[in-house]
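Chains as they are written, first to last, in our numbering: chain B, 24 to 215; chain P, 24 to 215; chain Z, 24 to 215; chain U, 24 to 215. Step one of this worksheet: look at the structure below.
There are 4 protein chains.
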Amino acid sequence: MKKEIPPKKQAIFDATLTLVASHGLHNTPMSLIKKEAGVSAGAVYHYFESKEALINELYVTAKSEISDAVISELDLDAPYEESFFSLWINAYYYFASKPDALSFIEQCSNSPIITEQTKAQVVTTYQKSAEFFEQGIAQGNIKPLHIDVIHTLIYGSIVSLIKLAKDQPELVNDEVIEQAAIFCWDGLIQLN
Amino acid sequence: MKKEIPPKKQAIFDATLTLVASHGLHNTPMSLIKKEAGVSAGAVYHYFESKEALINELYVTAKSEISDAVISELDLDAPYEESFFSLWINAYYYFASKPDALSFIEQCSNSPIITEQTKAQVVTTYQKSAEFFEQGIAQGNIKPLHIDVIHTLIYGSIVSLIKLAKDQPELVNDEVIEQAAIFCWDGLIQLN
Amino acid sequence: MKKEIPPKKQAIFDATLTLVASHGLHNTPMSLIKKEAGVSAGAVYHYFESKEALINELYVTAKSEISDAVISELDLDAPYEESFFSLWINAYYYFASKPDALSFIEQCSNSPIITEQTKAQVVTTYQKSAEFFEQGIAQGNIKPLHIDVIHTLIYGSIVSLIKLAKDQPELVNDEVIEQAAIFCWDGLIQLN
Amino acid sequence: MKKEIPPKKQAIFDATLTLVASHGLHNTPMSLIKKEAGVSAGAVYHYFESKEALINELYVTAKSEISDAVISELDLDAPYEESFFSLWINAYYYFASKPDALSFIEQCSNSPIITEQTKAQVVTTYQKSAEFFEQGIAQGNIKPLHIDVIHTLIYGSIVSLIKLAKDQPELVNDEVIEQAAIFCWDGLIQLN
DNA sequence: AATGAATGAGAATTCATTCAT
DNA sequence: AATGAATGAATTCTCATTCAT
């Protein structure tokens, strides 16, 4: 099902993720990437047409890995509220466990380095979580907002909280994380 | 109260904001900045010690301009709910009216180019909105969450929605904007 | 008599000729040659020791192919003037029909990439046309110039005219071609 | 009248001419040029947008210098035949005295590195010698060929002879040079 | 304050060539 | 004979920064 990624290509991906997270997108030369990945300059250009192409391809890969991981835990048969909280909390901890990936993604997603074509590719990865929210709307569990709006608000909350946790780790304990999930749930559900 | 910014310095700020938004932080050389600003290379280094210093200083300036603008509209004497919505909507439209500034800020805030010292400076700009939320908690209007958590969730929602609007402008109409504000309000208030 | 050229070697020759003509000697990497020839990198180095060796060998081949073609039409028994014109015109049209070969040869012959050894090899191909001019001198048809001088002036005129035809195709019609041949004939013959 | 060429730009021109003549257009890296010229890498790119731009600009400069030099000696009031021989011989010795320039020009003019725009610029330098040949035709001294054809045949003969002289210096003595000039004159004049 | 030519280390990328298969 | 991934030195070009004027 999954594409087999050649070991060198994977090493380049890993090195790029780490280095962009620590040095910044603006400050990660190819020379550093090849050194960290332990490959030759030529090998990088064997697998990727250019630095931009590498970044774009890695962006797609990182985004879909995260999507896959978050969604794989999703239990559509549990009570809806329970499923929602488990999704939110799972996603939070998954993101939190991959700080480099998140840093990479955030740096890219705000930069013109990511092409429109790449963005279009990435959209498709939202499919399964979209279904979950559609189901919630259909069953009357949550407000009938546009799926992309829900997605944006939930994802935005999680990412914001992780950034806060990065700056103030002592503040964001399990209780706060739960409060943030509740914030989203309360924002989503129909009040009568 | 405010420092007078010399015209050339302002031109450099403006040029940098525009260029980082359109070319990316990773792809905006000083040579382009000086050209766009219409100043000499020497002038840039007269006003700023280095490129990093320029970016950091502009980051502080842009952040506080936004903060000032959003808060200046805040009416602490109106009914709380009304004030909240007016704050949220005002903030949304202000951000939306400054896409370059927002793009610049988002690119910087996820990059190691912004120093810890700069981040510390920026924190102080939250003061007045913090007071607004503290007042809401004290009066029992909203849940007693940590101020920084509230701030993060609200700011995160607004920024997320603006990014969505950038990608899908036709989707994010006034109704959607209001729905997002309601999402935040419902998430904040105490349910009984 | 002729060596059989293996198909892959021929494909490499053809690709090199085409590419050097269109991209320039300075801008024709081996990677492009192998792609255009449809062979592997290893195959190129099986047939040729190096890029320089490939260019030099192709130069010899191209030069002698042209020489052979031009001379094969030469009729030593016809009236001398008639033979001369038929030689000149034949040569012109043959060169004109192989623009890539001519472009390749001209680029090489002015570049230090062609070794002295290669140049020495190529000289031998002039043998038969040399005999034709020697005969003309012996019979008193043309001036007693050194064979190499005659050769140079005639060949130079033909090549110059072809270059002109490349830049201004509409100018160089059959009449002009004949005028150029007459120019050479009039320059060669003894005036009394 | 003439543009003042800044000393560094002139040094880059000189170095490029020398190096392309000795190493070949395909084998003259910028690093060698900057070293030979005694300037920094940045300086080269301050004066020229790219290597191609440098080559093209130098081509125009070299061509027009040669044109100017050859034509400056031209005496339109002398008897026509005498003027012609003096032009031819002058041109020959001028070219012969600038072997690097000639080698550079020949390598470029057969290579796609020279753009159509550059070729168009260069054509304008032929103006004055064109007038000389037009005058000869009008006065009935030479055959009524197209000016560009005459130009091509004469220039081609001179260049061919210089190439021969390069390969066989002992062969091309003053007598041979005169013979070649006579070849051209005899080819040009009307026979009755 | 201001200029802009100049620097040179370093960036992205290319390319002739090799070698394990 | 043939392949094509891999190499890494070399190449073109960039860019933050300086400094004489």
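All C-beta atoms in this analysis are idealised placements derived from N, C-alpha and C, irrespective of residue type, glycine included. Computed from a predicted model, the values in this text were never measured in an experiment.
Near-chain U residues of the stretch 196-212 of chain Z - C-beta to any C-beta below 9 Å:
Of all residues in the stretch 196-212 of chain Z, V199, Q202, A203, I205, F206, C207, W208, D209, G210, L211, I212 have a Cβ within less than 9 Å of some Cβ in chain U.
Would you mind working out which of B:I35, B:I128, B:H174, B:S134 sits nearest E88 of chain B, comparing C-alpha positions?
Against the first sequence, residue 88 of chain B aligns to sequence position 65. Of the candidates B:I35, B:I128, B:H174, B:S134, the residue whose Cα lies closest to the Cα of E88 of chain B is B:I128.
Within 7 Å of any Cβ in chain B, is that where the Cβ of I160 of chain P sits?
Position 137 of the second sequence, counting from 1, holds the residue named residue 160 of chain P. So, not an interface residue.
K32 of chain U to V67 of chain U span [Cα, whole Å]
The sequence position of residue 32 of chain U within the fourth sequence is 9, counting from 1. The sequence position of residue 67 of chain U within the fourth sequence is 44, counting from 1. For K32 of chain U and V67 of chain U, the distance between alpha carbons rounds to 8 Å.
Would you say S134 of chain B lies against chain P (beta-carbon separation less than 7 Å)?
One-based indexing of the first sequence puts residue 134 of chain B at position 111. Yes, its Cβ sits closer than 7 Å to a Cβ of chain P.
Please name the residue in P:K186, P:C207, P:A60, P:F155 whose C-alpha comes closest to that of Y103 of chain P.
Start at 1 with the first residue of the second sequence, and residue 103 of chain P comes out as number 80. Comparing Cα positions, the closest option is P:F155.
Strictly below 8 Å CB to CB, what residues from chain P border K142 of chain B?
The residue given as residue 142 of chain B occupies position 119 in the first sequence. What K142 of chain B touches in chain P: D190.
Taking the continuous alpha helix (DSSP H) assigned at N50 of chain B, which residues delimit it?
Taking the first sequence and counting its residues from 1, the one referred to as residue 50 of chain B is at position 27. No alpha helix (DSSP H) contains N50 of chain B, which DSSP labels as neither H nor E.
Three-state secondary structure (DSSP) at I160 of chain Z?
The count along the third sequence starts at 1 and reaches residue 160 of chain Z at position 137. Correct three-state label for I160 of chain Z: helix.
Nearest residue (CA-CA) to N196 of chain B, options B:L48, B:H46, B:Y115, B:A101:
Your numbering for residue 196 of chain B matches position 173 in the first sequence. The shortest C-alpha separation from N196 of chain B is found at B:Y115.
Beta-carbon contacts of L187 of chain B that lie in its chain and below 8 Å, excluding the five residues immediately before and after
Position 164 of the first sequence, counted from the start, is the residue given in the question as residue 187 of chain B. L194, V195, listed in sequence order.
Please return the same chain residues whose Cβ sits closer than 8 Å to the Cβ of Q162 of chain U, not counting the five positions on each side in sequence.
As a first step, residue 162 of chain U must be located in the fourth sequence, where it is residue number 139. Closer than 8 Å at the Cβ level, and outside the excluded window around Q162 of chain U, lie Y103.
Do G47 of chain P and I136 of chain B count as a contact pair if the criterion is CB distance below 7 Å?
Taking the first sequence and counting its residues from 1, one reaches residue 136 of chain B at position 113. Taking the second sequence and counting its residues from 1, one reaches residue 47 of chain P at position 24. It is a contact, given that the beta carbons lie within the stated cut-off.
If the cut-off is 8 Å on Cβ atoms, which residues from the stretch 166-179 of chain P count as contacting chain B, listed in chain order?
So the list reads K166, L168, H169, D171, V172, T175, L176, Y178, G179, given in the order they occur along the chain.
Given this structure, state the Cα-to-Cα distance separating C131 of chain B from V43 of chain B, to the nearest angstrom.
Counting from 1 along the first sequence, the entry for residue 131 of chain B is found at position 108. Counting from 1 along the first sequence, the entry for residue 43 of chain B is found at position 20. For C131 of chain B and V43 of chain B, the distance between alpha carbons rounds to 10 Å.
Reduced DSSP secondary structure (H/G/I, E/B, other) of I165 of chain B:
Here residue 165 of chain B refers to the residue found at position 142 when the first sequence is read from its first residue. In this structure, I165 of chain B counts as strand in the three-state DSSP scheme.
When you compare the stretch 204-211 of chain B with the stretch 163-183 of chain B, are there three or more beta-carbon pairs, one atom per stretch, that lie closer than 8 Å?
yes
Boundaries of the alpha helix (DSSP H) in which Q144 of chain Z is found, first to last residue:
Taking the first residue of the third sequence as position 1, residue 144 of chain Z is located at position 121. Element bounds for Q144 of chain Z: 139-146.
Looking at chain P, is there any beta carbon in it that lies within less than 7 Å of the beta carbon of L48 of chain B?
Translated into positions along the first sequence, residue 48 of chain B becomes position 25. Yes, its Cβ sits closer than 7 Å to a Cβ of chain P.
I want to verify the contact list: residues of chain Z whose CB lies under 8 Å from the CB of L187 of chain U, in sequence order.
Position 164 of the fourth sequence, counted from the start, is the residue given in the question as residue 187 of chain U. Correct list: D171, V172, T175.
Any idea if V199 of chain P is buried or exposed, counting beta-carbon neighbours within 10 angstroms, 16 or more meaning buried?
Against the second sequence, residue 199 of chain P aligns to sequence position 176. Under this definition V199 of chain P is a buried residue.
Please name the residue in U:A101, U:A38, U:D171 whose C-alpha comes closest to that of I78 of chain U.
Numbered from 1 along the fourth sequence, position 55 holds the residue referred to as residue 78 of chain U. It is U:A38.
Whole-Å CB distance - I160 of chain U paired with I212 of chain U, under 8 Å assumed:
Locating residue 160 of chain U in the fourth sequence gives position 137, where the first residue counts as 1. Locating residue 212 of chain U in the fourth sequence gives position 189, where the first residue counts as 1. Actually they are not in contact, since the Cβ atoms of I160 of chain U and I212 of chain U sit about 11 Å apart, beyond 8 Å.
Kindly list, in the order they appear in chain B, the residues whose Cβ is closer than 9 Å to that of L194 of chain P.
Against the second sequence, residue 194 of chain P aligns to sequence position 171. Correct list: H169, D171, V172.
When DSSP labels each residue in this structure, what does I35 of chain P get in the three-state scheme?
On the second sequence, residue 35 of chain P is found 12 positions in, with the first residue counted as 1. Residue state, collapsed to three classes: helix.
Can you tell me which of the three DSSP states I89 of chain U falls into?
Numbered from its first residue, the fourth sequence carries residue 89 of chain U at position 66. Helix at I89 of chain U.
Based on Cα-Cα distance, which residue from P:P192, P:V146, P:E96 lies nearest to I112 of chain P?
In the second sequence, the residue the question calls residue 112 of chain P occupies position 89. Out of P:P192, P:V146, P:E96, P:E96 has the C-alpha closest to the C-alpha of I112 of chain P.
Please look up how many angstroms separate the CB atoms of S106 of chain P and L99 of chain P, rounded, as I've assumed it's under 8 Å.
Within the second sequence, residue 106 of chain P is the residue found at index 83, counting from 1. Within the second sequence, residue 99 of chain P is the residue found at index 76, counting from 1. Right, their Cβ atoms sit about 7 Å apart.
Could you check whether the Cβ of Q150 of chain P sits closer than 7 Å to any Cβ belonging to chain B?
Against the second sequence, residue 150 of chain P aligns to sequence position 127. Not an interface residue.
Roughly how many whole angstroms lie between the Cα atoms of E145 of chain P and V83 of chain P?
Residue 145 of chain P sits at position 122 when you count from the first residue of the second sequence. Residue 83 of chain P sits at position 60 when you count from the first residue of the second sequence. It should be noted that the sequence gives Val, not Glu, for residue 145 of chain P. Whole-angstrom Cα-Cα distance: 6 Å.
Please identify the residue among B:S45, B:M53, B:K58 whose C-alpha is closest to the C-alpha of A76 of chain B.
As a working note, residue 76 of chain B is residue 53 in the first sequence. Checking every option, the nearest Cα to that of A76 of chain B belongs to B:M53.
Cβ shell of K74 of chain P (< 6 Å), same chain only, five flanking positions each side left out
Here residue 74 of chain P is taken as the residue at index 51 of the second sequence, counted from 1. Closer than 6 Å at Cβ, skipping near neighbours: M53.
G210 of chain P lies in the alpha helix (DSSP H); which residues open and close that run?
Your numbering for residue 210 of chain P matches position 187 in the second sequence. Segment 197-211, the alpha helix (DSSP H) holding G210 of chain P.
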